[in-house]
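Down below is the structure, laid out as structure tokens.
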Amino acid sequence: MSAPDDEADKSFEATPQKLLEARKKGEIARSTELLTAASYAGFLVAILVSGESGLSHLGATLAVIIGQSAQIAPLFFDGAGTVPARGIIQATGSALLPIFVYPALAVMLALFATRGIVFAPSKVQPKLSKVSIISNAKNKYGRTGLFQFVLSFSKLMIYSAILAIFLYHRTSEMVAALHTTPQYTVILLAKICIEFLIYVVIVSAIIGGIDAIWQHFEHLRKNKMSRKEVMDETKNSEGDPYMKQERRQRAQSLAGSQVAVEVAAADVVIVNPTHFAVALKWERAPGQAPVCVAKGVDETALRIREIAKENAVPIHSDPPTARALHSTTNVGDQIAPEHYKAVAAAIRFAENMRKQSKGKAT
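So the sequence shown is numbered by UniProt numbering: it starts at 1 and just counts up by one.
Structure follows, in structure tokens:
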């Protein structure tokens, strides 16, 4: 089967297990634009934290270095002025340190907040696909490459427009600063930079947010699963002792929980007779699809079936649909369009069962 056919066949959303496996391989939704916005924000914070005194100190130090460069140079290159040279380096370094530290901290915080730090040895292993002309062409001219091009072009146009407008209104101040002291020039330029940086941070945060959303949904799209993958993953998880223990605990807490109430009010419970159970409720409002109100496997599925029997909720046996719904539909979500046909058959079955029960009762 060709690659396009494989991609078309993968119509099911990625399960948590699938996403976890992708994360172990280093495949995550990481937005470089969001990290760039974080670094800009860190740089802005560094300037604000340094304050006027810090900027004055930096300006004075740089003014001394530039104004007395002929006298200072021998201190560094002749080795005779170790102590003065060390003092100059410390003074300059202490003033510049926040400018490097705060952006780095901001990027690290952004990585932690987005769970973007992953250690995957497979990512550093040499692969032929990394130098493949076809693979690189797909990345460059595919949907991701096109999106990145549009995003980069938009950034260029927006930043250029902001800079042009900003310089138009600030040129007179910057020209006047040439006739003042170096300390005042540094302070004035710092104030102008802060104002410009505020606009840059706002724009980069918006672009970073757009890129983060795109990367998230693109990551989910790339990890979509075929029906066979969903069924294989479910079979593999059934034998996991940890998963079995977790399912027992869920079943024990199910009896007295709100889930029991939801199952009792469900329209139908679709089951695989031995392992899976998914309870669905349909409000029958225009544009509304049936909603999953409860689901479970093994002990939890058994308890859902028991509650359904106790409350005369029809139970419909459809193993493939039960597996697919359990793997792809979260509790509280409407079913996906690809399940409409199978679920419609289950609801018709439930309605017929209720009609038969009413007929017998009369």
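All C-beta atoms in this analysis are idealised placements derived from N, C-alpha and C, irrespective of residue type, glycine included.
About 12 Å separates the Cβ atoms of residue 225 and residue 323, ruling out a contact at the 8 Å cut-off. Within the region 157 to 199, no run of beta strand (DSSP E) reaches 3 residues while sitting entirely inside it. Residue 305 sits buried, since 16 or more C-beta atoms from the chains shown fall within 10 Å of its C-beta.
DSSP places residue 272 within a strand segment (E or B) once states are collapsed to three. Annotated three-state conformation of residue 99 is helix, per DSSP.
DSSP places residue 50 within a helical segment (H, G or I) once states are collapsed to three. Put simply, of 302, 155, 343 and 337 the residue whose alpha carbon is nearest the alpha carbon of residue 318 is 343. If you check the CB distance, residue 110 and residue 35 come in under 9 Å.
Annotated three-state conformation of residue 327 is helix, per DSSP.
If you draw a straight line from the Cα of residue 331 to the Cα of residue 107, it is about 35 Å long.
Under DSSP, residue 225 shares a beta bridge with 12. As far as DSSP is concerned, residue 216 takes part in no beta bridge. By the Cβ neighbour-count rule, residue 352 is exposed, with fewer than 16 other Cβ atoms within 10 Å of its own.
Ranked by how close their Cα comes to the Cα of residue 325, the residues 292, 177, 315 and 356 have 292 in first place. Under the DSSP definition of a beta bridge, residue 277 partners with 271 and 296. Burial is judged here by how many other beta carbons sit within 10 angstroms of a residue's own beta carbon; residue 178 has fewer than 16 and is exposed. Pairing residue 313 with residue 346 gives a Cβ-Cβ distance that is not under 9 Å. Taking a 10 Å sphere around the C-beta of residue 171, we find fewer than 16 other C-beta atoms and assign the residue as exposed. Take residue 284, set aside five residues on each side of it, and no residue of its chain has a beta-carbon closer than 8 Å to its own. Exposure of residue 104 is indicated by the presence of fewer than 16 other C-beta atoms within 10 angstroms of its C-beta. The beta carbon of residue 269 lies closer than 8 Å to those of 263, 277, 278, 279, 280, 304, 305, 308, 313, 314, 315 and 316 in the same chain, with the five residues before and after it left out. The straight-line gap separating the alpha-carbon atoms of residue 190 and residue 47 is approximately 8 Å.
Here the alpha carbons of residue 102 and residue 43 stand approximately 6 Å from one another. Remark: C-beta atoms of residue 328 and residue 27 do not approach each other more closely than 9 Å. In this structure, residue 201 places its C-beta atom within 9 Å of the C-beta atom of residue 37. Burial state of residue 154 is exposed, judged by a 10 Å Cβ sphere holding fewer than 16 other Cβ atoms. Per the coordinates, the alpha-carbon of residue 223 lies some 33 Å from the alpha-carbon of residue 158. Nearest to residue 297 by C-alpha distance, out of 282, 275, 311 and 289, is 275.
In this structure, the straight-line span from the alpha carbon of residue 25 to that of residue 335 is close to 30 Å. Per DSSP, residue 335 is not a residue of any beta strand (DSSP E), being assigned neither H nor E. In terms of Cα proximity to residue 233, the closest of 10, 142, 145 and 18 is 18. Rounded to whole angstroms, the separation of the alpha carbons of residue 260 and residue 273 is 19 Å. Taking the Cβ atoms as the reference, residue 39 lies roughly 14 Å from residue 211, outside the contact range of under 8 Å.
The C-beta distance from residue 213 to residue 33 rounds to 11 Å, too long to fall under 8 Å, and the pair is not in contact.
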